[in-house]
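These protein sequence lines are chains A and B, in that order. Residue 55 in the numbering used here is what sits at position 56 of the first sequence, and the numbering runs on without skipping anything. So the mapping is simple: the numbering used here equals the position in the second sequence, first residue as 1, plus 555. Glycine included, every Cβ here is placed at the ideal spot set by N, Cα and C.
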Amino acid sequence: MQGGGDGVFRMIRYSDFNYSYGAVCALRSLNLEIGKNELFTVMGPTGSGKTTMLRCLNRLNDVVPSGRHSGSLYLDGVDVYDPRVDVTVLRRRVGMVFALPAVLPTSIFENVAYGPRRAGERSKAALSETVERSLTAAALWEEVKDRLGERAETLSGGQQQRLALARVLALGPDVILLDEPTSGLDPISTLRIEDLLRELSRQYTIVLATHNPQQAARVGSRVGFLMLGELVEVAEAGDMFTRPRDPRTEAFVSGRLG
Amino acid sequence: MGGAGHETVARAREPARRDIGMLKRTDRIAFWVFAAATAVALSFLVFIISFVFVRGIPRVTWSFLTERPRDMGRAGGILPSIVGTIALTGLALLIGTPLGVATAVYLTEYTREGMSSRVIRFGAESLAGVPSIIFGLFGFLFFVIFLGFGWSILSGGLTLALMILPTIIRTSEEAIRAVPREYREISLSLGASRWQTVVHVVLPAALPGVITGVMLSLGRAVGETAAVIFTAGSSLRLPGSIMDPVRTLPVHFYVLAREGISMANAYGTATVLLATVLLIEIAANILIARFSGHAGRG
């Protein structure tokens, strides 16, 4: 398993990173490194700053008028808040999967083709090829190949989330962010998504945010525990759940805090 | 002790049971009150429509629709007024819709809620309350006299466009605000620019609401009299260009009835006008049903 340590190529680096909404501090002096093709899980109770942490990486937080950051956040060695960074290019490199409902009100095909189309792809053949490749990688192709023209809302919750993953894969990203992707999903669909994430982490750097410690344990990667904007502890899942170093981590993983 | 407690419970229950009886009665009375109100409102509507139709339908023949009027409208048809009404409202929608939708997009997607957006919204809402004759007066002074457009389809269309603008802005704004925030976030997260998000996600999702607003405005524009009589004139000739004056259906009806030229033809005109408005409403409903079923496809 790859850590963020020495000798491993670092994809993401938060360096003394702070983020606040007006007077409310959402992240405080965050220091964290995530390696290339690592599957990293951020867990923490609601309001701990997980979403903020993810949304700074693709600068989706830019739409929040009161949002302010300080410190640095590097993606592949480049500060994402550098004024020269084009956010549309950044967001194609750093794709995001949201909690349900997370499909665009259009067809299955158009959901996946949306990113490439906005990036300027016009060729029907190229789009069809990208859509098939992305849906296959998201383990959804076999289920939808005969109904690509149907509306995406007709899919089940689990299928919708795999569609959201396919939509991100169609961008050709380096990093995939997932913000509570399985909330509201049944256990079988949840397991399926988790398997898929492990599979995809061979080619992509993945950051998964969850409020559910069991999910962090199942995914079994390196885990960070975030609470009230503070990164309390980072450890391999095994260590985190059997030998938590911080009493707050222990309280959270044992279910006394949540 | 126990007995006394039991008695208290029993006494407490009795009025409660009476309350339920009263509630049931209130419910029944309320039902009949609401039903009666609906019946009164509906019967007035039916009465007005049938009042006009009974008198007007016998006049509405093919030649009435396709001939020019003769003898001030005592004889002949209403073709120039039909053409004039279509031209005038068409022009008003052509100008008012893009302007109104663009304003709504600006207010919702490009400005943060603050002083300036509140002022714009207040202005638009005040405009919606201005009587149409004031628009007519403004149109007369500004388009007809100052800009020198004269009594013409252009002057009337511009005036009507201004008049329907508040409705289009407000309904479009509501429709755009009702688009889930998630759609915008998904679009932006996939590398779409703000403009692309508006064009490819927000507007298609808001389309049914926007169309409703446009159709409401169309209904209002078709029937507008006061704003038009000052700006488009009351010529009975068939217009040849947008610089020609026209007499729209409501104005024609007004002149025929007011000057006692021909009540029969006035009712005929009113029938055509009413039927047009009804058809617009039906078309609007069909369009809305279609778009809400297929919004954003393709």
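Using a Cβ cut-off of 9 Å (strictly closer), state whether P759 (chain B) contacts chain A.
In the second sequence, residue 759 (chain B) corresponds to position 204, counting from 1. Output row for P759 (chain B): interface = yes.
What's the C-alpha gap between G645 (chain B) and G712 (chain B)?
Taking the first residue of the second sequence as position 1, residue 645 (chain B) is located at position 90. Taking the first residue of the second sequence as position 1, residue 712 (chain B) is located at position 157. So the alpha carbons of these two residues sit roughly 8 Å apart.
Taking L103 (chain A) as the query, report the chain B residues whose CB atoms sit under 8 Å from its CB, ordered along the chain.
Within the first sequence, residue 103 (chain A) is the residue found at index 104, counting from 1. Chain B residues near L103 (chain A): Y738, I741, S742, V756, G851.
Among residues of its own chain, excluding the 5 on either side of R201 (chain A), which ones have a beta-carbon nearer than 8 Å to its beta-carbon?
In the first sequence, the residue the question calls residue 201 (chain A) occupies position 202. Closer than 8 Å at the Cβ level, and outside the excluded window around R201 (chain A), lie N36.
Distance check for S69 (chain A) and L26 (chain A), CA to CA, integer angstroms please.
Along the first sequence, one-based indexing puts residue 26 (chain A) at 27. Along the first sequence, one-based indexing puts residue 69 (chain A) at 70. One C-alpha to the other measures close to 10 Å.
Interface flag, A844 (chain B) vs chain A, CB-CB below 9 Å:
Within the second sequence, residue 844 (chain B) is the residue found at index 289, counting from 1. Closer than 9 Å: no.
Are the beta-carbon atoms of V734 (chain B) and V769 (chain B) separated by less than 9 Å?
Residue mapping note: residue 734 (chain B) aligns to position 179 of the second sequence, counting from 1. Residue mapping note: residue 769 (chain B) aligns to position 214 of the second sequence, counting from 1. No; because the gap between Cβ atoms is not below 9 Å, this pair is not in contact.
With a threshold of 16 other CB atoms inside 10 Å of the CB of S727 (chain B), please say whether the residue is buried or exposed.
Position 172 of the second sequence holds residue 727 (chain B). With 16 or more Cβ atoms within 10 Å of its Cβ, S727 (chain B) is classed as buried.
Between the alpha carbons of E680 (chain B) and M670 (chain B), how many angstroms are there, rounded?
By one-based count along the second sequence, residue 680 (chain B) stands at place 125. By one-based count along the second sequence, residue 670 (chain B) stands at place 115. Taking the straight line from one Cα to the other gives about 15 Å.
Identify the contact partners of G10 (chain A) in chain B, using a Cβ-Cβ distance below 7 Å as the criterion.
What you label residue 10 (chain A) is simply residue 11 of the first sequence in a count that begins at 1. In the sequence under discussion, the amino acid at residue 10 (chain A) is Met, which differs from the Gly named in the question. Those within 7 Å of M10 (chain A) in chain B number zero; the least Cβ separation is about 18 Å.
Among A:I187, A:P186, A:D185, A:A165, nearest to L177 (chain A) - alpha-carbon criterion
Counting from 1 along the first sequence, the entry for residue 177 (chain A) is found at position 178. L177 (chain A) has its Cα closest to that of A:A165, out of A:I187, A:P186, A:D185, A:A165.
If you measure from the CB of T663 (chain B), is any heavy atom of the ligand NAD nearer than 8 Å?
For the ligand NAD, the structure offers nothing, since it holds no ligand at all.
Please name the residue in B:V699, B:T722, B:I637, B:S605 whose C-alpha comes closest to that of F619 (chain B).
Within the second sequence, the letter at position 64 stands for residue 619 (chain B). Ranking the options by Cα distance to F619 (chain B), first place goes to B:I637.
List, from N- to C-terminal side, the beta strand (DSSP E) runs of 3 residues or more that fit wholly inside the segment 76-129 of chain A.
93-96
Hey, out of A:S14, A:F8, A:M52, A:E32, whose CA is closest to C24 (chain A)'s CA?
Position 25 of the first sequence, counted from the start, is the residue given in the question as residue 24 (chain A). Out of A:S14, A:F8, A:M52, A:E32, A:M52 has the C-alpha closest to the C-alpha of C24 (chain A).
DSSP-derived helix/strand/coil call for D25 (chain A)
Taking the first sequence and counting its residues from 1, one reaches residue 25 (chain A) at position 26. With the sequence shown as reference, residue 25 (chain A) is identified as Ala, and Asp is not the correct amino acid for it. If DSSP states are grouped into helix, strand and coil, A25 (chain A) belongs with the strands.
Could you check where the beta strand (DSSP E) with I816 (chain B) kicks off and where it finishes?
On the second sequence, position 261 is the one that residue 816 (chain B) refers to. That residue, I816 (chain B), is in no beta strand (DSSP E); it is neither H nor E in DSSP.
Paired residues, beta bridge with P800 (chain B) - DSSP
Translated into the one-based positions of the second sequence, residue 800 (chain B) becomes position 245. Bridge partners of P800 (chain B): none, in fact.
Shortest alpha-carbon distance to F608 (chain B) belongs to which of B:I843, B:L828, B:Y661?
Translated into positions along the second sequence, residue 608 (chain B) becomes position 53. Considering only alpha carbons, the answer is B:L828.
Exposure of Q214 (chain A), with buried meaning 16 or more beta-carbon neighbours within 10 Å
Sequence index remark: in the first sequence, residue 214 (chain A) carries index 215 (1-based). Q214 (chain A) is buried by the Cβ-count criterion.
Does any residue of chain A have a CB that is nearer than 9 Å to the CB of L745 (chain B)?
One-based indexing of the second sequence puts residue 745 (chain B) at position 190. Yes, contact with chain A.
By a C-beta neighbour count over all protein chains shown, 10 Å radius and 16 as the cutoff for buried, is D145 (chain A) buried or exposed?
The residue you call residue 145 (chain A) lines up with position 146 of the first sequence. Exposed is the call here.
Buried or exposed: which applies to N60 (chain A), given that a residue is buried once 16 or more other Cβ atoms fall within 10 Å of its Cβ?
Here residue 60 (chain A) refers to the residue found at position 61 of the first sequence. Buried, because 16 or more other Cβ atoms sit within 10 Å of the Cβ of N60 (chain A).
Scan the segment 662-673 of chain B for residues whose Cβ lies nearer than 8 Å to a Cβ of chain A and list them as they occur along the chain.
R667
Whole-number beta carbon distance between L207 (chain A) and L38 (chain A), since they are thought to touch under 8 Å:
Counting from one through the first sequence, the residue named residue 38 (chain A) turns up at place 39. Counting from one through the first sequence, the residue named residue 207 (chain A) turns up at place 208. That pair is a contact at about 7 Å.
Quick one, which of A:G66, A:E131, A:P104, A:V77 has its alpha-carbon nearest L89 (chain A)'s?
If you number the first sequence from 1, residue 89 (chain A) lands on position 90. Cα-wise, what sits closest to L89 (chain A) is A:V77.
Where R736 (chain B) falls: helix, strand or coil (DSSP)
Against the second sequence, residue 736 (chain B) aligns to sequence position 181. It is helical.
Mind checking who D178 (chain A) pairs with in its DSSP beta bridge?
Walking along the first sequence from the start, residue 178 (chain A) turns up at place 179. In DSSP, D178 (chain A) forms a bridge with A:A208.
Neighbour flag for T181 (chain A) against chain B, beta carbons, 9 Å:
Position 182 of the first sequence, counting from 1, holds the residue named residue 181 (chain A). For T181 (chain A), the answer is no, since every Cβ of chain B falls outside 9 Å of its Cβ.
At the 9 Å Cβ level, is V167 (chain A) part of the contact set with chain B, yes or no?
Your numbering for residue 167 (chain A) matches position 168 in the first sequence. Chain B contact via Cβ: present.
Reference L31 (chain A); option with closest CA among A:G223, A:A236, A:T248
Mapped onto the first sequence, residue 31 (chain A) falls at position 32. Among A:G223, A:A236, A:T248, the Cα nearest to that of L31 (chain A) is on A:G223.
Considering only residues of the segment 704-788 of chain B, which uninterrupted alpha helix (DSSP H) runs meet the minimum length of 4 residues and lie entirely inside it, listed in chain order?
708-732, 736-744, 749-752, 758-778, 781-784
Answer yes or no: does any C-beta atom of chain B fall closer than 9 Å to that of M95 (chain A)?
To locate residue 95 (chain A), count along the first sequence from 1; it is residue 96. Cβ-Cβ to chain B under 9 Å: yes for M95 (chain A).
Quick one: which chain A residues come within Cβ less than 7 Å of S748 (chain B)?
The residue you call residue 748 (chain B) lines up with position 193 of the second sequence. Neighbours of S748 (chain B) on chain A, chain order: T87.
Going along chain B in order, which residues have a C-beta closer than 7 Å to the C-beta of N57 (chain A)?
Here residue 57 (chain A) corresponds to residue number 58 of the first sequence, with the count starting at 1. Within 7 Å Cβ-Cβ: S744.
May I have the straight-line CA-CA distance separating V233 (chain A) from A250 (chain A), to the nearest angstrom?
If you number the first sequence from 1, residue 233 (chain A) lands on position 234. If you number the first sequence from 1, residue 250 (chain A) lands on position 251. Those two C-alpha atoms are separated by around 15 Å.
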